[in-house]
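Working notes, structure below.
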Amino acid sequence: MAFGVTDLKKGQIFQLDGVPYRVVNYAQKVMGRGGSIVNVKIKSLIDGRVLDKTFKGNESIEPADVTNRNVQYLYKDSAAYFFMDDDSYEQFEVPLDDAEEIEGYIKEGDAVQAQLFDGRVINIVLPKNVPLKVTYTENAVKGDTSSAITKDATLETGLVIKVPAFIKTGDLISVDTTTGAYRERVK
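Take 0 as the starting number for the sequence shown in numbering that gives the first Met the number 0 and just add one per residue.
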């Protein structure tokens, strides 16, 4: 069930030499006479190494046999994040270095997905957007409430992001987990 490299897209997972990789960046260059070259930056979901790889447009690759399981985030210590499988109640840990991209986006009790390859957790998948409470931000200067003006806001997880001037301490906001950007105030 192989598929063409031109079908790859950012975030997609595939298998190369028995190792699952996630596409970090994708660029396709069309050459003369209908040929093309696909340049991808890929991250190993086993050891975290990032590689630059070039494929010919007519090459095919294998999809990775990855399964997703619903899990709950329990807590974090100095070495790992701890999760619990929603179905089996089995607890497992993911080393901090293997899950840097989730830092600041989850809080205790949040539901996320764990991706497994050969029965081993290789990735934690966040929702596209997460609601987080603003624990500190400067008050807007009177008359300075245009949405074009931004300021720093500290969120309940410790994450600091840019928000519009009208956001106040205590507001619940939606944050995009892929870019770390403010999306909207949550009612």
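Note that the Cβ used here is the ideal one computed from N, Cα and C, for glycine as well.
Asked: Residue environment, valine 174, which counts as buried when at least 16 other CB atoms sit within 10 Å; Found: buried
Asked: Outcome for alanine 98 when other beta-carbon atoms lying within 10 angstroms are tallied against a minimum of 16; Found: buried
Asked: 6 Å Cβ shell around tyrosine 104 - same chain, five flanking residues per side excluded; Found: Leu125, Val129, Thr176
Asked: Three-state class that DSSP yields for leucine 131 in the structure shown; Found: strand
Asked: is_contact[glycine 108, chain B] using C-beta, thresh 8 Å; Found: This model lacks chain B altogether; it includes just one protein chain.
Asked: Extent of the continuous beta strand (DSSP E) run through phenylalanine 81; Found: 79-84
Asked: Distance, proline 94 Cα to isoleucine 101 Cα; Found: 12 Å
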